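And the structure:
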């Protein structure tokens with residue numbers, strides 16, 4: 031191969047690398063713009079409006095039977111739809127966790143951690159859950175989620191009425207849409 035053809039090949043490779051780099055920078059700039067846009071999106075647009083609603087007197091059996099694959103939380107409300115509590119799958123698992131100081135589990139202890147007809151949602155719900163206001167934007171929601179480690183936020187209005195549930199998966203879905 032001659033020096034001239036080597037030089038031409040090297041020039042073509044340099045142009046290809048330069049075009050790739052320019053394309054990467056352009057995509058990064060677009061992504062940065064999209065991320066800034068995402069933080070301004072109202073929570074009410076992204077939140078899930080179809081969520082599991084229970085009352086404190088409902089049985090834990092009802093909670094377990096009504097949780098579906100895509101639902102990993104339940105909102106506990108009063109008769110007027112105001113937030114009273116919140117339950118995630120993790121809260122439910124904590125209900126069944128035996129005490130750590132016991133190495134031998136007796137029948138009496140196992141009965142305590144089994145679901146009975148007397149077990150109620152009000153017994154395991156988080157009574158003062160971290161929430162997000164229906165008029166807030168995703169920037170605030172993301173900040174709250176990062177600071178608290180919560181993956182689910184009940185979305186409420188100024189009167190405490192529940193409008194939806196915002197989950198991390200809802201935000202990720204939006205990020206996928208705008209960055210495609």
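In the working numbering, the protein residues as written are 31 to 210.
By construction, the Cβ of each residue, glycine as well, lies at the ideal position given by its N, Cα and C atoms.
Being a predicted model, the structure only gives us computed values, none of them experimental.
Check: Any contact of the region 152-159 with the region 110-121, i.e. 3+ C-beta pairs under 8 Å?
Finding: yes
Check: Which residues share a DSSP beta bridge with residue 116?
Finding: 105 and 156
Item checked: Host beta strand (DSSP E) of residue 83 (start-end) -> 82-84
Checklist line | Status (buried if at least 16 other CB within 10 Å, exposed otherwise) for residue 180 | finding: buried
Next item on the list: State the Cα-Cα distance for the pair residue 159 and residue 191, rounded to the nearest angstrom.
Entry: 13 Å
Notebook entry, point to check: Looking only at C-alpha atoms, which of 90, 98 and 85 sits nearest to residue 267?
Noted result: Absent from the model: residue 267. The displayed extent of the chain is 31 to 210, so no value can be given.
Next item on the list: For residue 183, write down the residues that DSSP places opposite it in a beta bridge.
Entry: 196
Notebook entry, point to check: Thinking C-beta only, is residue 151 closer than 8 Å to residue 93?
Noted result: yes
Note to self: Among the candidates 188, 189, 53 and 170, whose CA atom is the shortest distance from the CA of residue 196?
What the structure shows: 170
Check: Span of the alpha helix (DSSP H) holding residue 97?
Finding: No alpha helix (DSSP H) contains residue 97, which DSSP labels as neither H nor E.
Notebook entry, point to check: How should residue 68 be labelled, buried or exposed, when 16 other C-beta atoms within 10 angstroms of its C-beta is the threshold for buried?
Noted result: buried
Notebook entry, point to check: Between residue 73 and residue 168, which are expected to be in contact by the criterion C-beta below 8 Å, what is the C-beta distance as a whole number of angstroms?
Noted result: 6 Å
Next item on the list: Would you mind reading off the limits of the alpha helix (DSSP H) that contains residue 71?
Entry: Per DSSP, residue 71 belongs to no alpha helix (DSSP H) and is neither H nor E.
Check: If you check the beta carbons only, do residue 186 and residue 193 fall under 8 Å apart?
Finding: yes
Note to self: I need the DSSP call for residue 89, collapsed to helix, strand or coil.
What the structure shows: strand
Check: Helix or strand or just coil, what does DSSP make of residue 166?
Finding: coil
Check: Is the Cβ-Cβ distance between residue 175 and residue 198 less than 8 Å?
Finding: yes
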